[in-house]
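Peer 1: Quick note, the sequence shown lines up with residues 31 to 106 if you use our numbering. Glycine residues also receive a C-beta, built at the ideal position from the N, C-alpha and C atoms. These figures come from a predicted structure and were not determined experimentally.
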Amino acid sequence: EMVGEVLDCMMGLATDGMTMMVVTHEMGFARKVGSRVIFMDVGGKILEDCSKDEFFSHPENRQPRTKDFLNKILQH
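Structure, rendered in C-alpha cells:
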C-alpha cells in the first residue's frame, strides 16, 4: 500500500541530487528516475548493463531473458 509514497520519496531524493543504487521491479520508476540499468538474472548474473535510454528504447537489442521480462512487465 505504501509503494507510491516510497517511490515519491525516492523521486524527491533523486531530484535533490542524491545518488542511489536501487533494486526494483518498478520499471516505470527505473525509467523515469534512473540513469543506468543493470538487469540481473537468477543467481545475480548480469545480463545487461547500459543507459536507461538504451535499455528501454531498444528492446530488440536485449538478451532473450531481458526481452521476456520486459514484455511481461511493461504490459501492465
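#1: Report the partner residues of SER65 according to the DSSP bridge assignment.
#2: Pick out whichever of ASP83, GLU78, LEU104, PHE86 has its Cα sitting closest to the Cα of ARG95.
#3: Terminal residues of the continuous alpha helix (DSSP H) containing GLU35?
#4: Does DSSP put GLU56 in a helix, in a strand, or in coil?
#5: So, at 7 Å on beta carbons, what are the nonlocal neighbours of PHE86 in its own chain, with the 5 sequence-adjacent residues on each side left out?
Peer 2: Concretely, from the data shown:
#1: Against the sequence shown, residue 65 aligns to sequence position 35. According to DSSP, SER65 bridges with nothing at all.
#2: For the purposes of this step, residue 95 is taken as the residue at position 65 of the sequence shown. With distances taken between Cα atoms, ARG95 lies closest to GLU78.
#3: For this step, residue 35 is matched to residue 5 along the sequence shown. That run of the alpha helix (DSSP H) goes 33 to 45.
#4: Against the sequence shown, residue 56 aligns to sequence position 26. Here GLU56 sits in coil by DSSP.
#5: Stepping through the sequence shown from its first residue, residue 86 is reached at position 56. So the list reads ARG61, once near-sequence residues are dropped.
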